[in-house]
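Novice: So for the sequence shown, this note's numbering puts the first residue at 420; every next one is plus one.
First the structure, then my questions, so here it is.
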Amino acid sequence: MGFTFEAVDSIGGQMARNRFRFSGKRAMPITIRTPFGGGTHTAEMHADNLENYFVGTPGLRVVTPANPYDAKGMIISAVENNDPVLFMENLKLYRSMKDEIPEGKYTVPLDTAKVVREY
């Protein structure tokens, strides 16, 4: 995630705005996959939490899976989406979660949140 600074203009200034720039007549099916998060004893450029730079960018979808099932379904949805998607994976969850997931293709919607616990 720390290396996205070099691409901020391309991501926010170009990719995310093209749907609006061309009145929805052109799609931007791009998926950017990046690890993020601290607390993993990585070098300083590998542990940044920069999602706040992108969450407010119109036209860019920013998603992060919470478990292995969501990770597979969301990456398939991201690749098939006509909007640019910043697909963020938490570094601490990479090897800390294991789960059985279906072998076949399935998708997890990117435009709705799954409420796991109400407060």
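Where a beta carbon is used, it is the ideal one built from N, C-alpha and C, also for glycine.
Taking methionine 447 as the reference, which of Gly523, Glu519, Asn437 and Ala532 has the closest Cα?
Specialist: As a working note, residue 447 is residue 28 in the sequence shown. The shortest Cα separation from methionine 447 among Gly523, Glu519, Asn437 and Ala532 belongs to Asn437.
Novice: Leaving out the 5 sequence neighbours to the left and right, which residues in its chain are closer than 8 Å to threonine 476 when beta-carbon positions are compared?
Specialist: For the purposes of this step, residue 476 is taken as the residue at position 57 of the sequence shown. The residues are Ile430, Gly431 and Ala435.
Novice: Considering Cα atoms alone, identify which of Phe424, Phe473 and Phe455 is closest to proline 503.
Specialist: Translated into positions along the sequence shown, residue 503 becomes position 84. Among Phe424, Phe473 and Phe455, the Cα nearest to that of proline 503 belongs to Phe473.
Novice: How big is the Cα-Cα spacing for arginine 480 and aspartate 530?
Specialist: For the purposes of this step, residue 480 is taken as the residue at position 61 of the sequence shown. For the purposes of this step, residue 530 is taken as the residue at position 111 of the sequence shown. Spanning the two alpha carbons is a distance of roughly 8 Å.
Novice: How many angstroms separate the CA atom of aspartate 489 from the CA atom of valine 527?
Specialist: Locating residue 489 in the sequence shown gives position 70, counting from the first residue. Locating residue 527 in the sequence shown gives position 108, counting from the first residue. Between aspartate 489 and valine 527, the C-alpha separation is close to 6 Å.
Novice: How would you label glutamate 499, buried or exposed, when you count the other beta carbons within 10 angstroms and need 16 or more for buried?
Specialist: Taking the first residue of the sequence shown as 1, we reach residue 499 at position 80. Classification for glutamate 499: exposed.
Novice: Considering only the alpha carbon of each residue, which of Phe506, Ala485, Gly443 and Asp428 lies closest to aspartate 518?
Specialist: Indexing the sequence shown from 1 puts residue 518 at position 99. The candidate whose alpha carbon is nearest that of aspartate 518 is Ala485.
Novice: Output the distance between the C-alpha atoms of glutamate 470 and phenylalanine 506, rounded to the nearest integer angstrom.
Specialist: For this step, residue 470 is matched to residue 51 along the sequence shown. For this step, residue 506 is matched to residue 87 along the sequence shown. Using only the alpha carbons, I get a separation of about 10 Å.
Novice: Residues in the same chain with beta-carbon distance under 6 Å from threonine 483, minus the five sequence neighbours each way, listed in chain order, please.
Specialist: Counting from one through the sequence shown, the residue named residue 483 turns up at place 64. Within the same chain, threonine 483 has close Cβ partners Met507.
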